[in-house]
Each structure stands twice: as structure tokens, then as C-alpha cells.
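These notes are about the structure you will find just below.
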Amino acid sequence: MRDLLRSGTGGGFVPPSSSDFELPPIFGDNAYTTKPIFLVFLSVILISTFFILASRKAAVVPSKLQFAGESVYSFVRNELARDVIGHGFLRFVPYLFTLFTFILVNNVFGIIPLLQFPTMSRISFPYVLAVTVYFVFHYVGIRKQGAFKYFKEIMFMPGVPKAAYILITPLEILTFFVVRPLTLALRLFANMFAGHLLLLVFILGGEHLLQGVIGLKLISPFAFAVGIVLTFFEFMVQVLQAYIFTLLAALYIAGALADEH
Amino acid sequence: MAKREESAMWSIFGYLLSGLLFWGAIGYGLDQWLNQGYFTLLGLLVGISGAIYLVWLRFGRE
Numbered sequence: 296m297r298d299l300l301r302s303g304t305g306g307g308f309v310p311p312s313s314s315d316f317e318l319p320p321i322f323g324d325n326a327y328t329t330k331p332i333f334l335v336f337l338s339v340i341l342i343s344t345f346f347i348l349a350s351r352k353a354a355v356v357p358s359k360l361q362f363a364g365e366s367v368y369s370f371v372r373n374e375l376a377r378d379v380i381g382h383g384f385l386r387f388v389p390y391l392f393t394l395f396t397f398i399l400v401n402n403v404f405g406i407i408p409l410l411q412f413p414t415m416s417r418i419s420f421p422y423v424l425a426v427t428v429y430f431v432f433h434y435v436g437i438r439k440q441g442a443f444k445y446f447k448e449i450m451f452m453p454g455v456p457k458a459a460y461i462l463i464t465p466l467e468i469l470t471f472f473v474v475r476p477l478t479l480a481l482r483l484f485a486n487m488f489a490g491h492l493l494l495l496v497f498i499l500g501g502e503h504l505l506q507g508v509i510g511l512k513l514i515s516p517f518a519f520a521v522g523i524v525l526t527f528f529e530f531m532v533q534v535l536q537a538y539i540f541t542l543l544a545a546l547y548i549a550g551a552l553a554d555e556h
Numbered sequence: 013m014a015k016r017e018e019s020a021m022w023s024i025f026g027y028l029l030s031g032l033l034f035w036g037a038i039g040y041g042l043d044q045w046l047n048q049g050y051f052t053l054l055g056l057l058v059g060i061s062g063a064i065y066l067v068w069l070r071f072g073r074e
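Protein sequences appear in the order of chains V and G.
Whatever position you read off the first sequence (first residue = 1), add 295 for the working numbering.
Whatever position you read off the second sequence (first residue = 1), add 12 for the working numbering.
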């Protein structure tokens, strides 16, 4: 609503910026009642309801709902957990499944009419998810191999001349403990942020052109058309990013479990 | 296999980034400390070489 009013007040076109992501609280005067917070709760309710309904009357001949639920589950179980982690993958399936569905639904919120905000474009949410991945894969590695052996495997790769360790050990440490979790969060955040911004540019731009002189009005449909095409493109990116986040989480767990990285 | 390539790509990206960040930061620190101008560049070069060496060790050694 704010966006619609904004360009109607006579001034020039105000391009969308990062301030469009700082939404005011829906009620009250604090940071805990903003739209992304409610979207997160909504996503949890939606996911839970969907999978409870899909699995409640489980039958040998599945209903459509059960089939949909099982497709998502077996995708995460087989494509992500089993293929990547291999032996002993089953205990990570609940975690990976939660990650995948949670990120997927929150991303797709970005193009659902009326909701239209990808929760993960606020960086705190990807950070928290990456922190959970961070603790899971280091914990798993330390439990499996013992702290000493686990850190030794990370820092000192076998079969390398001793002098080379000065060069590469800091890089291994930095990669494992800083760069990996950071890029995991930033990749998801940046994709959602940029995608939403792109949609704002074309759709607000189209709306602004519509208020111009007749020549501009004629161009406006093209801006909206590109906006619609980009919406479908965004859907692809949103699904892909949920997949990549979960895939990399699974790979990090697999790496921590493996005897040699 | 697409998954392995995807994973290799992001690992390589991570190593290259770490290399530049770590040795680049050391070079920058030396520059600040000794009032010189060339250690940052040297650090970045050392970092990227180290990272490429590490990538070769991990993925190219078979």
C-alpha cells in the first residue's frame, strides 16, 4: 500500500531500495510484530498442517494429498540425504527435510499474492539457519571422529609437504569455520533480496509509467510483462535456493562424517 | 554427477575466498604497520596461489 501511494504523490520515480525491506510493525511499536515474523509463523503452520493432513490417513493407495507429501519427503530423503550422506543418512533426514520445506515455503512467499515478501531477504533468518547447520556438522564430526582427530583432519591434509601447511592450514580453518557458514547464509539472503528488488523495479516502474503521459502509458504494459516473466523466473530461483541450501548442509554433514575430507 | 560438481564449485569458491581474505588481510596489516603499499598485493597473490594449490590438492590430485 505504501508503495502504491509513494509514486502517486507527484514527485519523480522513487526507485526501490533496501528500505523497502524494512517493514514497519503491523501493530504495536516493537521489532517483533513485523511482516517477516508473521510469515515465519505462517510458514510453520502451513507446513505442519500440510504434512499432518498428508500423512494422517496414510494408505497403500495414496490420496492426491498423501502423494504430494510423500513426493517432497522422498525427494529430500533420496536425492539429498541418501545420495549425499550415504551410510547412516536416516537420522539426518528430519533435519534436512525441515530445512528444505521451511526455506522453500518462506522463499515462495515472495511471489504469493498479498504475502509477497520472501522472509529470507531479511538476513537474520538465513544467519540463524546457517548457525544451526554449523553446529550440526561440527557436532556430528566431533562425535564421529573425536575432537582431536576431527580438527587435525581439517587442518592438516595428509600427503602434503610440511612447509605447505603454513600456506594452506589457515585457509582450511577459515574455510571450515567462517567462510562456509557465512556464504551459506549470504547466498540465500542475496538471492532472495535481489529477486524481490528486481520484481519491485519492474512492477513499481510499470505502475509509475502508467501515471505518465500517453507515450509512457503505452510502455507500461511491457514493464508489467517483464515483471510477470520475472515472477516465474523468481519461482525457479526460490526453489533452487532452497535446494542448494539443503544440499550444501547435507554435503557439510557428509564431509564431517567422512574419515578423509 | 551434478551434485558433486555443485559441491566442488562451492568448495572451490570458499577456498579462493578464504585465500584472498586471509593472506590479503595479513598483507594489509603489514602495510599499515610498516607504512608500505605493496604487501596487500603480495598477500592477495600469495593467498590466491595457496588457494589454487589447495584446490589442486583436493580435486586435481587423483
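Beta carbons are placed, not taken as given, at the ideal position from N, Cα and C, and that holds for glycine.
None of these values were measured; they are calculated from a predicted model.
**Asked** Are any of the Cβ atoms in chain V nearer than 8 Å to that of GLY39/G?
**Response** Against the second sequence, residue 39/G aligns to sequence position 27. So, not an interface residue.
query: Can you find a C-beta in chain V that's less than 8 Å from the C-beta of TRP22/G?
result: Counting from 1 along the second sequence, the entry for residue 22/G is found at position 10. Closer than 8 Å: yes.
| Contact list for LEU33/G against chain V, beta-carbon separation under 7 Å | Your numbering for residue 33/G matches position 21 in the second sequence. Correct list: LEU469.
Item checked: CB contact check: GLY2/G to chain V, cutoff 8 Å -> Lying before the first or after the last residue shown, residue 2/G is absent from chain G, which here runs from 13 to 74.
Output needed for LEU300/V: all residues of its chain with C-beta closer than 8 Å, excluding positions within five of it in sequence on either side, in chain order. Position 5 of the first sequence, counted from the start, is the residue given in the question as residue 300/V. Annotation note: pLDDT 48 at LEU300/V (below 50); position unreliable, no value reported.
Item checked: Close Cβ partners of ASP43/G (< 7 Å) along its chain, the five nearest in sequence each way excluded -> Counting from 1 along the second sequence, the entry for residue 43/G is found at position 31. Contacts found: GLY49, PHE51 and THR52.
message = Please classify THR414/V as buried or exposed, where buried requires at least 16 neighbouring CB atoms within 10 angstroms.
response = For the purposes of this step, residue 414/V is taken as the residue at position 119 of the first sequence. Buried, because 16 or more other Cβ atoms sit within 10 Å of the Cβ of THR414/V.
Practice problem: Within its chain, find whatever has a CB closer than 6 Å to the CB of LEU54/G; leave out the 5 residues flanking it on each side and keep chain order. | Solution: One-based indexing of the second sequence puts residue 54/G at position 42. Around LEU54/G: GLY39.
**Residue span of the alpha helix (DSSP H) that contains MET452/V, given as start and end** = Here residue 452/V refers to the residue found at position 157 when the first sequence is read from its first residue. First-last for MET452/V: undefined, no H or E at that position.
**Asked** Excluding sequence positions up to five away, which residues of its chain have a Cβ less than 7 Å from the Cβ of GLY59/G?
**Response** Position 47 of the second sequence, counting from 1, holds the residue named residue 59/G. So the qualifying residues of the chain are GLY31, LEU32, PHE34, TRP35 and GLY36.
query = If you draw a straight line from the alpha carbon of LEU552/V to that of PRO465/V, how long is it in whole angstroms?
reply = Along the first sequence, read from residue 1 onward, the residue named residue 552/V stands at position 257. Along the first sequence, read from residue 1 onward, the residue named residue 465/V stands at position 170. About 22 Å.
Worksheet item: In terms of residue numbering, what span does the alpha helix (DSSP H) encompassing PRO331/V cover?
Response: Here residue 331/V refers to the residue found at position 36 when the first sequence is read from its first residue. Note, PRO331/V: alpha helix (DSSP H), 330 to 351.
ask   = Helix, strand or coil: which one does DSSP assign to ALA354/V?
value = Walking along the first sequence from the start, residue 354/V turns up at place 59. Coil.
| request: Could you spell out the range, first to last residue, of the alpha helix (DSSP H) harbouring GLU529/V? | output: Position 234 of the first sequence holds residue 529/V. 509 to 552 is the span of the alpha helix (DSSP H), which, as asked, contains GLU529/V.
Original post:
DSSP three-state call for ASN402/V: helix, strand or coil?
Top reply: As a first step, residue 402/V must be located in the first sequence, where it is residue number 107. Note: ASN402/V maps to helix in three-state DSSP.
_Taking the straight line between their C-alpha atoms, what separation do you get for ASN401/V and LEU334/V?_
For the purposes of this step, residue 401/V is identified with residue 106 of the first sequence, where counting begins at 1. For the purposes of this step, residue 334/V is identified with residue 39 of the first sequence, where counting begins at 1. Whole-angstrom Cα-Cα distance: 7 Å.
Review point. How long is the line joining the alpha carbons of PRO421/V and LEU318/V, rounded to whole angstroms?
Key: For this step, residue 421/V is matched to residue 126 along the first sequence. For this step, residue 318/V is matched to residue 23 along the first sequence. Going from the Cα of PRO421/V to the Cα of LEU318/V covers about 18 Å.
Closest Cα partner of ILE75/G within the set ARG73/G, GLU17/G, TYR27/G and ASN47/G = Nothing in the structure corresponds to residue 75/G, since chain G is present only between 13 and 74.
inquiry  = DSSP three-state label for TYR50/G, please.
reply    = As a first step, residue 50/G must be located in the second sequence, where it is residue number 38. Three-state DSSP puts TYR50/G in coil, outside helix and strand.
#### Entry: Own chain partners of LEU477/V with C-beta closer than 8 Å, once the 5 adjacent residues on each side are dropped
By 1-based counting over the first sequence, the position of residue 477/V is 182. The beta carbon of LEU477/V lies closer than 8 Å to those of ALA425 in the same chain, with the five residues before and after it left out.
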